[in-house]
């Protein structure tokens with residue numbers, strides 16, 4: 001198991017010698033040996049560019065990449081002991097699965113017997129033994145992804161890079177492959193970076209998550225830290241399904257946030273009266289309560305799902321709708337009147353100007 005360190009890593013794309021796009025803006029990361037880190041963010045945030053720089057497929061504008069304590073910035077990609085499983089699989093159609101797995105080792109001059117032995121070993125570990133004679137054209141998307149992963153692992157890399165590995169799979173295949181991927185990574189213990197825009201993928205697989213936006217890491221932490229204590233409005237809004245409720249308001253002297261003349265929820269942080277803030281409340285942290293408690297709301301829509309429901313409510317004087325996760329037994333109709341409450345300890349408060357969390 002090998003440590004991976006990124007120091008002030010930067011990438012600027014130029015046109016005619018002039019800087020045009022700052023794709024990665026000086027990020028710092030330290031991956032512990034054997035750790036799986038999720039690099040999470042929307043398209044264009046710089047996560048895939050970061051992965052390509054680590055792999056040696058993209059030049060580095062500034063900063064350093066250390067693998068096992070040694071810089072690899074000037075080491076050609078083929079000489080870095082880094083395995084990459086790409087989003088598009090990148091399999092060779094004329095070759096069998098066995099041929100695809102052993103191609104890289106054979107190209108490096110490894111003895112035929114060693115290649116065959118390592119192909120059999122990795123195929124057994126990843127559940128490909130019965131497909132070794134098949135060709136990529138006859139495989140399902142999930143099988144192709146396992147072949148791509150096995151090909152990255154067969155070289156016994158110091159670092160494993162996974163670029164959107166589940167994006168082409170349907171929902172059932174994604175769930176199965178995600179569990180297999182977690183098992184394989186834990187069993188083999190490779191230091192791994194998973195690049196994804198899928199929050200569920202990152203939250204379920206990663207030991208820690210780095211959330212990126214515009215080439216900058218917005219927050220680094222465990223899945224629980226990212227979800228329960230978002231550092232800013234972007235992280236809060238990007239992570240969570242259904243999305244967090246974000247309601248603009250003004251702090252009051254009595255420890256509340258005024259959302260309207262009649263809606264003034266208490267908050268768990270001391271604020272100067274008159275300060276403009278955004279109140280964040282996750283749908284699962286709201287609850288419908290009996291008459292006399294909470295605040296009054298009108299039902300705009302209700303989606304009864306199998307394991308829960310999603311109610312969209314309108315609060316008096318508040319422009320933004322409020323989304324509440326309900327139990328599966330709840331039945332609501334449009335224009336019903338309900339009352340809703342939130343635990344102040346489970347609410348989040350953000351500065352309206354900077355977007356930074358205030359607790």
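In UniProt numbering, the protein residues as written are 1 to 359. Glycine residues also receive a C-beta, built at the ideal position from the N, C-alpha and C atoms. Fair warning: this is a prediction, and the values are worked out from it, not measured in the lab.
| Item | Value |
| --- | --- |
| In the structure shown, what three-state DSSP assignment does residue 64 receive? | strand |
| Between which two residues does the beta strand (DSSP E) holding residue 277 run? | 276-281 |
| Enumerate, from N- to C-terminal direction, the unbroken beta strand (DSSP E) stretches of 3 or more residues contained entirely within the stretch 205-286. | 208-213, 216-221, 245-251 and 276-281 |
| Does the beta-carbon distance from residue 41 to residue 197 come in below 8 Å? | yes |
| Are residue 85 and residue 31 touching if we call contact CB-CB under 8 Å? | no |
| Counting only runs of 3+ residues fully inside the stretch 117-171, write out the beta strand (DSSP E) ranges in chain order. | 159-163 |
| If you compare alpha carbons, which of 352, 313 and 288 is closest to residue 274? | 352 |
| Mind checking which residues open and close the alpha helix (DSSP H) that includes residue 423? | Examination of residue 423 is not possible in this model, given that the chain is present from 1 through 359 alone. |
| Should residue 48 go down as buried or exposed, given a rule of 16 or more other Cβ atoms within 10 Å for buried? | buried |
| Tell me the DSSP secondary structure of residue 26 in three-state form. | strand |
| Whole angstroms is fine: what's the gap from residue 8's alpha carbon to residue 28's? | 5 Å |
| Answer yes if the stretch 287-303 comes into contact with the stretch 215-233, meaning at least three C-beta pairs across the two stretches below 8 Å, and no otherwise. | no |
| State the Cα-Cα distance for the pair residue 283 and residue 259, rounded to the nearest angstrom. | 17 Å |
| When you compare only the Cα positions, how much space is there between residue 75 and residue 174? | 35 Å |
| Since residue 300 is in the alpha helix (DSSP H), which residue starts that stretch and which ends it? | That residue, residue 300, is in no alpha helix (DSSP H); its beta strand (DSSP E) goes 295-304. |
| Does residue 83 come out as helix, strand or coil in the three-state DSSP assignment? | strand |
| With DSSP as the reference, identify every bridge partner of residue 193, one or two as the case may be. | 37 and 161 |
| Compare the C-beta of residue 27 against all C-beta atoms of chain B and say whether one is closer than 8 Å. | Absent here is chain B; the protein component of the structure consists of one chain. |
| Candidates 256, 39, 60 and 328: which alpha carbon is nearest residue 343's? | 256 |
| Would you say the stretch 229-245 touches the stretch 202-219, given that touching needs at least three Cβ pairs under 8 Å? | yes |
| Here's the rule: buried if 16 or more other CB atoms are within 10 angstroms of the residue's CB, otherwise exposed. What is residue 100? | buried |
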